[in-house]
Structure formats: C-alpha cells, structure tokens
Amino acid sequence: MREGKYIYCIIATDEAKEFGPIGLGGRGDEVHNVCCGGLSAVISNTQMTKYELSPETLLAHERVVEKVMKDYAVLPVRFCTVAESVTDIMRLLELRHNEFIGLIKDLENKAEIGVKVFWKDMEIVFNEIVNENAELKDKGLKFHRLAEGDRVEIGKEVAKILDDKREEESDIWTSSLIKLSNQYKILKVQKENMVFNAVFLVENLRMTKLDEKVNELAGRKGNRYDVKYIGPTPPYNFVNLELKLGK
Numbered sequence: 004m005r006e007g008k009y010i011y012c013i014i015a016t017d018e019a020k021e022f023g024p025i026g027l028g029g030r031g032d033e034v035h036n037v038c039c040g041g042l043s044a045v046i047s048n049t050q051m052t053k054y055e056l057s058p059e060t061l062l063a064h065e066r067v068v069e070k071v072m073k074d075y076a077v078l079p080v081r082f083c084t085v086a087e088s089v090t091d092i093m094r095l096l097e098l099r100h101n102e103f104i105g106l107i108k109d110l111e112n113k114a115e116i117g118v119k120v121f122w123k124d125m126e127i128v129f130n131e132i133v134n135e136n137a138e139l140k141d142k143g144l145k146f147h148r149l150a151e152g153d154r155v156e157i158g159k160e161v162a163k164i165l166d167d168k169r170e171e172e173s174d175i176w177t178s179s180l181i182k183l184s185n186q187y188k189i190l191k192v193q194k195e196n197m198v199f200n201a202v203f204l205v206e207n208l209r210m211t212k213l214d215e216k217v218n219e220l221a222g223r224k225g226n227r228y229d230v231k232y233i234g235p236t237p238p239y240n241f242v243n244l245e246l247k248l249g250k
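As structure tokens, this is what we get:
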C-alpha cells in the first residue's frame with residue numbers, strides 16, 4: 004500500500020521539531036513538522052488509507068495534538084486527513100497562509116474547557132416538580148411509580164416541566180461562565196439527568212477563575228450537582244480544519 008502523510012494540526016513556527024514515535028496507526032511513526040513561511044503542519048508517515056473512527060484511533064490522533072499543544076497554539080485538523088506528499092502540504096500552507104496565521108493568533112494562550120452538569124438525585128428533582136405543581140401534587144404522584152413505567156400523559160407532563168426546570172438552571176450556568184470565556188458553544192443534553200452541556204474557549208490566565216466559578220455553582224443548593232470538567236484541551240469545538248489536498 005502507498006505511503007502518505009497524516010496531518011494532525013497546524014502551528015506557527017519555522018523551527019524543525021520532533022514529537023516522538025507516536026504516529027497514528029500503531030507503527031511507531033515519528034511525528035514531526037514541515038515548515039513553510041512561519042507555519043508548520045505536524046505530520047507522520049502513514050498508509051494511504053481511511054482510518055476507522057473508533058475510540059482508539061481518535062485517542063491516538065488527539066494524543067498527538069495535545070502533546071503539541073503543550074508548546075504551541077494549535078489549529079486541530081479533522082481526523083483522518085492524509086496528504087499524498089509533503090509538496091501538497093507545503094502548497095496548502097502557502098495558499099492559506101494568512102488564514103491560518105490569523106486563526107492561530109486568535110487561539111494563542113487559550114484552550115478549550117468542557118463542562119457537563121448532572122442532577123445528582125433525580126428523585127429530589129422529581130419531588131420538587133410535584134410539589135411545585137398543584138395538579139400533580141393532587142394526584143399523589145410518586146417517583147418510583149413514574150420510574151416503573153407509569154408515564155403516558157402524566158409522564159409527558161412531567162417531562163415538559165422537567166425541561167423547563169433544566170432550562171432555568173442551565174441559564175444560570177451559562178450566564179455565569181460565559182463572562183469568563185472568549186467563545187462558547189451550548190451542546191446537546193445527552194441524558195435525562197443532564198442539566199448543562201457546554202464548551203468554552205478560555206484564556207490561560209482565566210482558567211483558575213473559571214474553575215472557581217464552576218465549583219461555586221456546583222455547590223449551590225446543598226451539592227445539587229455532579230460536574231464533569233474536561234480540559235484544558237485543544238479547541239476542537241472552535242476550530243477543526245477540513246483541508247483539501249492534492250487532486
């Protein structure tokens with residue numbers, strides 16, 4: 004099978020660097036950079052193939068980008084971007100030079116932080132819903148009954164009220180954390196007990212303040228929440244370059 008060049012990210016340097024034999028594919032390919040006019044693409048040798056998107060391959064890709072991020076602002080490149088040759092990569096860096104330089108300047112001294120917030124005890128939340136709604140309270144609705152499948156119309160009503168409560172509490176998290184970030188994205192809620200799911204692009208100097216605010220919000224109402232705090236990571240949700248290479 005023909006050999007190509009796997010691209011992980013773009014950085015701003017003219018200095019040749021080696022990042023170790025950590026290339027995607029499990030062959031121990033050396034990860035290094037190729038330079039052009041103040042820009043570099045971080046690459047390794049690879050087979051000209053389309054890698055399956057799996058937890059293992061995605062982790063291998065991200066591991067390289069995170070290592071580079073320790074020393075440089077990075078523009079992450081979409082998973083499984085493979086060039087036929089270094090010549091193609093150099094041509095791309097030259098063609099999109101100003102765009103890439105501008106993006107890197109915007110990302111300097113910043114990283115991505117993910118915050119996922121969950122209700123710790125759904126029975127407590129359910130009881131709040133019932134106590135705050137006279138009709139539901141009159142029906143004597145109990146959490147274990149609904150949990151066992153007695154949903155139908157009552158379940159739909161509870162789900163609507165639950166969504167309203169989630170939105171109300173999520174707004175508190177959003178309004179508090181966006182003040183400490185440069186950019187943010189609200190992501191889809193993935194589970195019934197998830198309250199808030201967002202990513203933030205944050206300056207390194209403000210990381211501590213963001214962490215303190217998350218801890219403060221997490222402790223509201225007697226440790227109401229479980230919080231999953233992810234980062235600092237490369238800005239995957241804010242830049243994920245799709246590169247058109249070769250033919």
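All letters in the sequence shown, in the order written, are residues 4 to 250 by my numbering.
Even for Gly, the Cβ is constructed at its ideal location relative to N, Cα and C.
DSSP places K224 in the uninterrupted alpha helix (DSSP H) bounded by R223 to N226.
Between F129 and V198, the CB-CB gap reaches or exceeds 8 Å.
In the DSSP annotation of this structure, L78 is not part of any alpha helix (DSSP H); the continuous beta strand (DSSP E) holding it starts and ends at L78 to A86.
Judged by DSSP in its simplified three-state form, E115 adopts strand. A direct Cα-Cα distance of roughly 50 Å separates K20 from K224. A straight line joining the alpha-carbon of K191 with that of C83 spans about 25 Å. The residue from P235, I127 and N136 with its alpha-carbon nearest to that of E160 is N136.
For D166, the closest of K182, L27, I132 and L248 by C-alpha to C-alpha distance is I132.
Take the alpha-carbon of D174 and the one of H35: they are about 43 Å apart.
Just so you know, the alpha carbons of L213 and L204 end up roughly 11 Å apart. Taking the CA atoms as reference points, D74 sits about 32 Å from D229. The continuous beta strand (DSSP E) containing G7 extends over residues E6 to I14.
Between F103 and G31, the alpha-carbon positions lie close to 29 Å from each other. Taking the C-beta atoms as reference points, E6 is found nearer than 8 Å to N48. Apart from the 5 residues on each side of it in sequence, L78 sits with its Cβ closer than 8 Å to the Cβ of C12, I13, I14, F103, L106, I107, L110, V242 and L244 in its chain, given in chain order. Around the Cβ of R81, a 10 Å sphere holds fewer than 16 other Cβ atoms; the residue is exposed.
If you look at K108, you'll find it in the alpha helix (DSSP H) that goes H100 to L110.
Nearest to S43 by C-alpha distance, out of G29, D91, V217 and K231, is D91.
Taking all protein chains shown into account, M51 has fewer than 16 neighbouring C-beta atoms within 10 Å of its C-beta and is therefore exposed.
For I46, the enclosing beta strand (DSSP E) starts and ends at L42 to Q50.
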